[in-house]
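Reviewing the structure listed below.
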Amino acid sequence: MKCRECAHKLEVLRSCRRIRLRCTGCKREYQIHEVASDLDPETEKLLENYTTIIYD
Ligand SMILES: [Zn+2]
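Numbering of the sequence shown is given in the working numbering, commencing with residue 1 and proceeding in unit increments.
This is how it looks when you write it as structure tokens:
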């Protein structure tokens, strides 16, 4: 999915027990709940791998 600020691609960033989406352009980090309504299928699939961590 795309960054709201600059439209670059967001990548899943895992740090410790938290998951963030980080923009590859402006490096802005989004919490999952911030972008939950905008998640595209590709990103959702990526996040499925981290479900146990997100909701732990
Ligand atoms: Zn950005």
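Ideal Cβ positions, reconstructed from N, Cα and C, are used throughout, including at glycine.
Spatial distance of Leu21 from Ile32 (CA atoms): As a working mapping, residue 21 is identified with position 21 in the sequence shown. As a working mapping, residue 32 is identified with position 32 in the sequence shown. So the two alpha carbons sit approximately 7 Å from each other.
Rounded C-alpha distance that separates Val12 from Thr24: Taking the first residue of the sequence shown as 1, we reach residue 12 at position 12. Taking the first residue of the sequence shown as 1, we reach residue 24 at position 24. The alpha-carbon atoms of Val12 and Thr24 are separated by roughly 10 Å.
Distance between Leu10 and Asp40 (C-alpha atoms, nearest Å): Within the sequence shown, residue 40 is the residue found at index 40, counting from 1. Within the sequence shown, residue 10 is the residue found at index 10, counting from 1. Spanning the two alpha carbons is a distance of roughly 11 Å.
Going along the chain, which residues put their C-beta within less than 6 Å of some heavy atom in ligand 1? Cys3, Glu5, Cys6, His8, Cys23, Gly25, Cys26, Arg28
For Gly8 and Cys26, what's the separation of their Cα atoms in angstroms? Residue 8 sits at position 8 when you count from the first residue of the sequence shown. Residue 26 sits at position 26 when you count from the first residue of the sequence shown. The amino acid at residue 8 is misidentified as Gly; the sequence shows His. Answer to the nearest angstrom: the Cα atoms are 8 Å apart.
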